[in-house]
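Each remark here refers to the structure printed beneath this line.
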Amino acid sequence: MAETILETVRLVRTYAGGVQALKGVSIQVPKSKCTAIIGKSGSGKSTLMNILGCLDAPTSGEVFIRGVPVDYTDTARLIDLRRNEIGFVFQQFNLIPHLSAQENVEYPLLFSYRPEKERKDHASALLARVGLEHRGSHYPGELSGGEQQRVAIARALISEPAVVLADEPTGNLDSRTSDDILDLIHEINRKEGTTFLIVTHDADLGDRVDHQITLHDGGVI
Amino acid sequence: MGQTLDFARISGRQILRRRARLILTILGIAVGVAAVVAIVSLGEGIRAHSIEMISEQSDLTLIEVTGDVRDGAIIPLTTAKVAALRGITHVRGTAPVITVDLATPHQTYIGAVGIGWDDFSTVFTPDFSKGRGYSENSDTAVLGSEIAESLRKYEGIRVGDDLTIRIREYDASGAPVDTEVVFPVAGSLRPRGDMFDTLLVTDSTHLEEWREGYGVYDTIYLRVDAPEHVFAVADAVRGLGLQAQGPFEEIKAVNRLMDAVIIILSFFTGISLIVGAMMIINTMMVSVYERTREIGITMALGASQRHVLTLILLECLYIGILGGIAGDILGVLLSMGINTLGKSFIIEQLGPGFAGFASADITLVTPALLAAGLGIAVILSLLAGIYPGLKAARLNPVDAIRRGM
Ligand SMILES: Nc1ncnc2c1ncn2[C@@H]1O[C@H](COP(=O)(O)OP(=O)(O)O)[C@@H](O)[C@H]1O
Ligand SMILES: [Mg+2]
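First to last, the sequence lines map onto chains B and W. Just so we're aligned: the first sequence equals residues 1 to 221 in my numbering. Just so we're aligned: the second sequence equals residues 1001 to 1405 in my numbering.
In structure tokens, the structure reads:
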């Protein structure tokens, strides 16, 4: 069994309206593996991802990143975790529209005060890594959905996070492009050893994931 | 530092996304700044003209020092005070004087002042229409232009003649005793437009015995090296417990009046600045609302609340700088307009003969005024950015990403 990089213990999240989106979820995400979370709409997948991504706090339960418990009351620490340990890939790509592809990839490093040269070199290398070395100066509006998602993946990788959280990364893509994106994730995971946690309802993941967690109605089955 | 530049670049891009809106917002603040700049330039112009007029008509570097009464005690003008006054920096000359009222046997009354010749020369630079100055420790005298004229007319006394003065004193029994003293008239002064026109000036030792007053001197005149140092010297004089007066005080009065006028006028024009600031608040609120998702993403990618606030405030800083510059430019144009209109108004009112009078500018735009215009725009814009900025910084990233447009 591989080392666990991310772990939750009896995670509960009750929303203000009384909806219990997570009802004691305990999962383990192994390092350098690609883990998938599947489940129907409304089963709590996004809620779980937001808590793991330190964007939202659990009502009870614990999260460990690299074995260290996350203190959800320590705002500065949460920002630090988002900046350094978490990479996000969203369903809607969510690139900054007035920044070029290259600048979008660099963007997270702006908040960790990295020197410009380092940012630029790193971002160029990552753009090449996702096959967009010639599109760096293009703006999101000029890129196809698949290309935008590649830029978003490069952006998620730039701070060399402990884990990349991808919430339905192919949800807005046609099936062929989805396949390409999943291939790319798989390849990065294999070659670079980056840990991925992917939410998807793609039945067709095949052997591109190492490990699969199914959520149903706020619980793991 | 590099990071500040990166933030500045990102914010710059952000405001350039909506150019029409940016321009309107900038104009909003610029109009307010322009109104203030134009109004204040008019006030400053009037101030400058008034001061110039005072300067032309009066002797700004002259200070008249008299004894003061402090806590019931009289502080007399002594030789020690003269020495102290001479020690003040920027004092070029001191002229301690005594004053005596004299009369001729024909009942022409003459005010006489006693001043050492050297002091009289340095402080008052006499200019003779006839004759020359009196000498130290002598009984010769010089006459002011007006008194010289009346003595010539009514008593036939000219430069080179002897002026006889009758001094009346009273003996122990109260009976008047008249003595006659002779002042040979060494010269007469050109008209000066000051008190010396009606005075007789001679060495002080000669007048000493008829003087009635306290202290050694009645007044000490100071000559300051330049008009800009007068206020400081006057303060130093007051520091010695003495009174300082002079034509320079008119400038103080004008300044005080114009300060009040300018403050009141800028207050009313400043109201348009509030409108401009509210426009910025509105623009930034809309902008934050439109960018809700983007802000959420930025936070998810590791930006702190402070980073978000900084980005928003930087946008306001740009609006402020651009609005300030545009406002200064508009203000200068407006002030030029006031000049042109104002001049033709003056010529119309006073006739073409006064065209020369209107050649000078009515308004005065100083670099300090332009800097203030820019500063006001920047400060207002930053203040206007605080609320939208905090609103953005306090967004919940999950909500912002999901709800965002
Ligand atoms: N902010 C919220 N406030 C109230 N209820 C919410 C909120 N977000 C999600 N929920 C509810 O929580 C449940 C799980 O939602 P979510 O985690 O988005 O599921 P999934 O991503 O698997 O579709 C749903 O019933 C949803 O309506
Ligand atoms: Mg979801």
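Backbone N, C-alpha and C fix where the C-beta goes; we use that ideal spot for every residue, glycine too.
Which residues does DSSP list as the beta-bridge partners of residue i?
| i | result |
| --- | --- |
| W/Ile1075 | W/Asp1068 |
| B/Glu62 | B/Val9 |
| W/Pro1184 | W/Asp1162 |
| B/Phe88 | B/Leu165 |
| B/Val29 | B/Leu6 |
| B/Val220 | B/Leu215 |
| B/Lys23 | B/Val12 |
| W/Val1082 | The partner list for W/Val1082 (beta bridge, DSSP) is empty, contrary to what the question assumes. |
| W/Gly1093 | W/Arg1223 |
| W/Ala1244 | W/Val1065 |
| B/Ala128 | Paired residue(s): none; B/Ala128 is not in a bridge. |
| W/Leu1143 | W/Ser1188, W/Leu1200 |
| W/Gly1131 | W/Gly1187 |
| W/Ile1167 | W/Thr1179 |
Just to confirm my understanding: we take residue i, look at its own chain, exclude 5 residues before and 5 after, and list those with CB closer than 7 Å. What are they?
| i | result |
| --- | --- |
| B/Asn189 | Cys34, Phe196 |
| W/Ile1262 | Val1040, Gly1043 |
| W/Gln1014 | Glu1315 |
| B/Gly141 | Pro97 |
| B/Leu297 | As shown, chain B starts at 1 and ends at 221. That puts residue 297 of chain B outside it, with no answer to give. |
| W/Thr1078 | Gly1215, Val1216 |
| W/Leu1296 | According to the sequence displayed, residue 1296 of chain W carries Gly and not Leu. Here the set comprises Leu1395, Pro1397, Ala1400, Ile1401, Gly1404. |
| W/Met1258 | Gly1043, Ile1046, Arg1047 |
What residues from chain W crowd round residue i, counting only those whose CB sits closer than 7 Å?
| i | result |
| --- | --- |
| B/His98 | Arg1013, Gln1014, Arg1017 |
| B/Pro108 | Leu1301, Gly1302 |
| B/Asn172 | Per Cβ cutoff of 7 Å: no residues; B/Asn172 is ~14 Å from chain W at best. |
Going along the chain, which residues of its own chain have a beta-carbon closer than 6 Å to the beta-carbon of residue i, five neighbours each way excluded?
| i | result |
| --- | --- |
| B/Arg135 | Ala101 |
| W/Leu1151 | Ile1157 |
| W/Gly1093 | Thr1122, Val1123, Arg1223 |
| B/Asp223 | No answer is possible for residue 223 of chain B: the residues shown for chain B start at 1 and end at 221. |
| B/Glu106 | Arg119, Ala123 |
| W/Gln1057 | none |
| B/Pro161 | Glu85, Ile86, Gly87 |
| W/Ile1362 | Gly1045, Asn1339, Gly1342 |
| W/Phe1248 | Leu1060, Val1230 |
In chain W, which residues lie with their C-beta within 9 Å of the C-beta of residue i?
| i | result |
| --- | --- |
| B/Arg82 | Met1299, Ala1300, Leu1301, Gly1302, Ala1303, Pro1397 |
| B/Leu55 | Gly1296, Met1299, Ala1300, Asn1396, Pro1397, Val1398, Ile1401 |
Residues of chain B with a CB under 8 Å from the CB of residue i: which are they?
| i | result |
| --- | --- |
| W/Asp1006 | Leu110, Glu116 |
What does residue i touch in chain W if you count any residue whose Cβ is under 8 Å from its own?
| i | result |
| --- | --- |
| B/Asn50 | Val1398 |
| B/Phe196 | Within chain W, no residue comes near B/Phe196; the closest Cβ sits about 17 Å away, beyond 8 Å. |
| B/Asn189 | Neighbours of B/Asn189 on chain W: none; closest Cβ ~21 Å, over 8 Å. |
Leaving out the 5 sequence neighbours to the left and right, which residues in its chain are closer than 8 Å to residue i when beta-carbon positions are compared?
| i | result |
| --- | --- |
| W/Arg1412 | Any question about residue 1412 of chain W goes unanswered here, given that chain W covers just 1001 to 1405. |
| W/Gly1028 | Val1275, Gly1276, Met1279, Ile1280, Gly1323 |
| W/Val1254 | Arg1047, Ser1050, Ile1051, Ile1054 |
| B/Leu215 | Val25, Ile37, Ile38, Gly39, Ser43, Gly44, Lys45, Leu48, Ile221 |
Unbroken stretches of the beta strand (DSSP E), 3 residues or longer, contained in the segment 134-210 of chain B: Correct list: 163-167, 196-199.
Chain-ordered residues of the segment 1283-1310 of chain W with a beta carbon less than 9 Å from chain B: Cβ contacts with chain B come from Arg1293, Glu1294, Gly1296, Ile1297, Thr1298, Met1299, Ala1300, Leu1301, Gly1302, Ala1303, Ser1304, Gln1305, His1307.
Near-chain W residues of the segment 60-86 of chain B - C-beta to any C-beta below 7 Å: Listed in sequence order: Ile79, Arg82, Arg83.
3 or more residues per run - each beta strand (DSSP E) lying fully within the segment 1095-1127 of chain W: Here the runs fully enclosed are 1109-1114.
In chain order, each alpha helix (DSSP H) run of at least 4 residues that lies wholly inside the segment 1270-1320 of chain W: Fully enclosed alpha helix (DSSP H) runs of 4 or longer: 1292-1300.
Every unbroken beta strand (DSSP E) within the segment 1169-1237 of chain W, with a cutoff of 3 residues, ordered by chain: The qualifying runs are 1176-1189, 1199-1202, 1219-1224.
Completely contained alpha helix (DSSP H) runs for the segment 34-78 of chain B, where each covers 4 or more residues: Listed in chain order, the complete alpha helix (DSSP H) runs (minimum 4 residues) inside the segment 34-78 of chain B are 45-52.
Any alpha helix (DSSP H) of 4 or more consecutive residues that is wholly inside the segment 1350-1402 of chain W: Entirely contained in the segment 1350-1402 of chain W, the alpha helix (DSSP H) runs reaching 4 residues are, in chain order, 1367-1393.
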